[in-house]
Amino acid sequence: MTQVKEKERKLTIARAMAESIAMEMREDETVFVMGEDIGELGGVFGNTRGLYTEFGAERIKDTPISETAFIGAAVGAASDGMKPVVELMFVDFFGVCFDAIYNMMAKNTYFSGGEVNVPMVLMTSTGGGYSDGGQHSQCLHATFAHLPGMKVVAPSNAYDAKGLMTAAIRDPNPVIFMFHKSLQGMGWLGTEKEAIVHVPEGTYEVPLGKATITREGTDVTIVGITSGVHHGLKAAKELEQQGVSAEVVDLRSLVPLDRETILESVKKTGRLIVVDEDYHSYGMTAEIIASVAEVGVPMKAPPQRVAYPDIPIPFTPVMEQWALPSAEKIVNAFSKIKETEQ
Amino acid sequence: MTPTQEQEIWMYQNMVTSRFFEEAIEKIYMEGKTPAFNMAKGPIPGEMHLSNGQEPCAVGVCAHLNKDDIVVSTHRPHHVAIAKGVDLKRMTAEIFGKKSGLSGGRGGHMHIFDPNVNFSCSGIIGESMGVAAGAALSRKMQGKPGVAVAYLGEGAANQGAFHEALNLAAVWKLPVVFVIEDNAWGISVAKKASTAVKHNSDRASAYSMPGVHIPDNDPVQVFEKAGEAIERARNGEGPTLIEIETSRLAGHFMGDAEAYRPAGEKEHLAEIDPIPAFKKRLSERYQWTEREDQALREQARETVNAAIKYARDSDYPAPEEALDKVFV
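For the record, the sequence lines run as chains A and B.
Numbering of the first sequence is given in full-length UniProt numbering, commencing with residue 1 and proceeding in unit increments.
Numbering of the second sequence is given in full-length UniProt numbering, commencing with residue 1 and proceeding in unit increments.
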């Protein structure tokens, strides 16, 4: 046991992302980083810390506040043999640069009949819970997942963050890497401790498009995305005290969506709760429930979703905390399931 | 930087080929669209933006480029694609939506990609610029030769993307040239009604880069100025913004009634058509003969006809091929 403890190396998601990028940069000189404050500062959310010192300003490029230009530039560079990792500081800022993202980055491969690859990673922070207001707190998972031509990943812990980042950089397609601020391990954002896990020193990939079962159970499937996974795990503990065995599925990838893992779990449990901090309507929760519904998995009760209400994210903590998904809401959703069964 | 006789003839030949191509497309585009005009009908459905009149912008710049250099063009891309050496048969097949098209019919006329000659374009105004800047960055970082050229219309100069890309290219001193094809019209809105400056090239000074204004739709002037800008870029001296006052001889797209044009404008533009003017220059300067001209035209026509035949003879893709090539 003592030996295992010594080998354990707990990292934050921020550190894990930076480590993956650094390792890929050492191996592949076409990998470089662009974005706002990703250089000497190390990224507002810490995910490029140390890179500037090791690789210098040529490969760790601070940009002007010009997301259209530098994401567009990443498309041009990626199409010309480079592998840019670019940061859109807050996903909320997509409004100024979505042409570069979904009209260029996501479509050029298709428009070229597969002849032009766009191997780039767009990393972007998501999520609220720290009263940053409605233009700095959204998740927008479905906004990106909805549009074809880009893969989308969203880790819930540091192990997956490193492996997904490595897989994303090596993938020949554009990948959106969404990291939740409350899981990032930056103390000032409030930190989910369960996201800080052991991360192997060596290189490894977490395959894109593969969900994972974080906790096995038999009575209900809780599918979560980023923060939703942690709410799900907490809810599972509470449900355990009620004698309910909850299985928690961490989606990890939104595109491609691992419907198989979800279906297998729901076939086993017959009950489904989907947890997403993105808006309630038209979101990943709907997509997952529809995916289960359309194959006709026998269910013991109608599925439930725990998501953000269809409102802009309010500032004041009493409102914001009230609106956020939580373990309690998941437990309540399970009670609702039981009620419908009776 | 004056063009040689050979370069002038190359430019003229490309202009003629481009014009013949557009004239052929114009004719075929109307097949199935009369008497009632329905954009979805005929062998070439969808929007069609012809480049008649804007050929000098294509040839004067592309005369300085080789196939490794990068060009990102606009929604009106045919003339530039031809001058850049895009595979005309496969481009035509793409415009017809055929399987043998450059993307197998997935892109269409606003989305021409030919990686063999580093050509691409986009239907989104101003988005060519960031992409070209990034390709230029790529060459700089990899230490590989090559410059990038972004084409845009004068309307794009009022987009945020324009200003962001100019600033980024200047601050990083990228080997890129931005070429404004100023045809004076953003669909139906006149430049003077939409643009606060008389010359968009003046905006270059805001980004500490040279701004070059070319007042005439003259391939030789474009050649000279573009040559200097491309040489600057190749020498690592940074970007240039070039503005060419060109002519859009046709409508914004086919089917455009052009009622917004002042009376007499189209007739005037036809009078200053750059192709007859170039022919005149060649005969004055190089004793270009009618016989030589006929031979050149014949060759251009054959090139175009072969491309059209290739497109017509090609099969359509299977509908379900639409599901492929989203990812590689």
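Even glycine gets a Cβ: it sits at the ideal position worked out from N, Cα and C.
By the CB criterion at 8 Å, Asp-171 of chain A and Ile-225 of chain A fall outside the cutoff. Distance from the CA atom of Gly-146 of chain B to the CA atom of Asn-235 of chain B, rounded to whole angstroms, is 10 Å. Between the alpha carbons of Pro-175 of chain B and Pro-317 of chain B lies a gap of roughly 39 Å.
Taking C-beta separations shorter than 8 Å and ignoring five residues to either side along the sequence, the partners of Thr-68 of chain A in its chain run Val-96, Cys-97, Asp-99 and Ala-100, following chain order.
The residues Ser-79, Asn-108 and Thr-109, in chain order, have a CB closer than 7 Å to that of Val-116 of chain A in the same chain once the five nearest residues on each side in sequence are set aside. For the alpha helix (DSSP H) assignment, the uninterrupted runs of no fewer than 4 residues enclosed by the stretch 284-326 of chain B are, from N- to C-terminal side, 290-313. Interface flag for Ile-180 of chain B against chain A is unset, since no Cβ pair is found closer than 8 Å.
For Pro-302 of chain A and Asn-47 of chain A, the gap between their C-alpha atoms comes out near 40 Å. One thing to note: Ser-18 of chain B has its Cβ no nearer than 8 Å to the Cβ of Ile-70 of chain B. Straight-line spacing of the CA atoms in Thr-261 of chain A and Phe-45 of chain A works out to 31 Å. At least one CB of chain A lies nearer than 8 Å to the CB of Ser-122 of chain B. Here Thr-212 of chain A is bridged, per DSSP, to A:Asp-250. Buried is the label assigned to Ala-300 of chain B, since at least 16 other Cβ atoms lie within 10 Å of its Cβ. Interface annotation, Met-82 of chain A: in contact with chain B, CB-CB separation under 8 Å.
Here DSSP, grouped into helix, strand and coil, assigns Pro-84 of chain A to strand. Trp-172 of chain B sits in coil when the DSSP states are folded into three classes, being neither helix nor strand. Looking from the CA of Val-171 of chain B, the closest CA among B:Gln-159, B:Met-209 and B:Asp-202 belongs to B:Met-209. When secondary structure is reduced to three states using DSSP, Lys-151 of chain A falls in the strand class. At a cut-off of 8 Å between beta carbons, Gly-143 of chain B makes no contact with chain A. Taking C-alpha positions only, Phe-96 of chain B is separated from Arg-59 of chain A by approximately 42 Å. In this structure, the beta-carbon distance from Pro-174 of chain A to Leu-257 of chain A does not fall below 8 Å.
Annotation for Ser-122 of chain B: Ser-128 place their beta carbon closer than 6 Å to its own, counting only its chain and skipping 5 residues before and after.
The three-state secondary structure of Gly-186 of chain B, taken from DSSP, is strand.
Only residues of its own chain outside the window of five on either side were considered, and among them Leu-166, Asn-167 and Ala-170 have a CB closer than 6 Å to the CB of Tyr-207 of chain B, listed in chain order. Here the alpha carbons of Ser-314 of chain B and Phe-55 of chain A stand approximately 51 Å from one another. The beta-bridge partner set that DSSP reports for Thr-48 of chain A is empty. Counting only the Cα atoms, Phe-278 of chain B lies some 10 Å from Ile-272 of chain B.
When C-alpha distances from Val-153 of chain A are compared across A:Ala-18, A:Ala-77, A:Met-299 and A:Phe-177, the shortest belongs to A:Phe-177. The stretch 303-320 of chain A and the stretch 279-290 of chain A touch, with no fewer than 3 CB-CB distances between them shorter than 8 Å.
Lys-98 of chain B has its alpha-carbon roughly 52 Å from the corresponding atom of Ile-330 of chain A. Under the Cβ criterion of 8 Å, Ala-170 of chain B is not counted among the residues facing chain A. Nearest to Ala-132 of chain B by C-alpha distance, out of B:Asn-158, B:Phe-162 and B:Gly-104, is B:Phe-162.
Gly-76 of chain A reaches chain B at Ile-70, Val-72, Gly-130, Val-131, Ala-132, Ala-133, Gly-134, Ala-135, Ala-136, Leu-137, Ser-138 and Ala-148, counting residues in chain order whose Cβ is nearer than 8 Å. CA-CA distance, His-268 of chain B to Ser-103 of chain B, rounds to 39 Å. In the three-state reduction of the DSSP assignment, Gly-243 of chain A falls in the coil class. Contact of Ala-318 of chain B with chain A is not assigned, every C-beta pair being separated by 8 Å or more.
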